[in-house]
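Throughout the sequence shown, residue numbering follows the working numbering, covering 12 to 55 in sequence. From the three backbone atoms N, C-alpha and C, an ideal C-beta is built for every residue, glycine too.
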Amino acid sequence: MTSLIGRKVTVKVPATSANLGPGFDTLGLALSFYDELEVEVVAG
12 MTSLIGRKVT VKVPATSANL GPGFDTLGLA LSFYDELEVE VVAG
């Protein structure tokens, strides 16, 4: 496990808006926003 200390992983996925108005599950909207998660392994 010590070989992983200091390693980082970043996941970036596009944000969406689903269930717009009367379209329920058939309409969605792609946005130019992103959800981003960064994880780093640290000694502990």
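query, result
"Inter-residue Cα distance where the pair is Y45 and S28", "12 Å"
"Cut-off 6 Å between Cβ atoms - residues of its own chain near V22, not counting five sequence neighbours on either side", "L48"
"Same chain, Cβ closer than 7 Å to V53, neighbours up to 5 away in sequence not counted", "I16"
"CA-to-CA distance, P33 to L42, given in whole angstroms", "19 Å"
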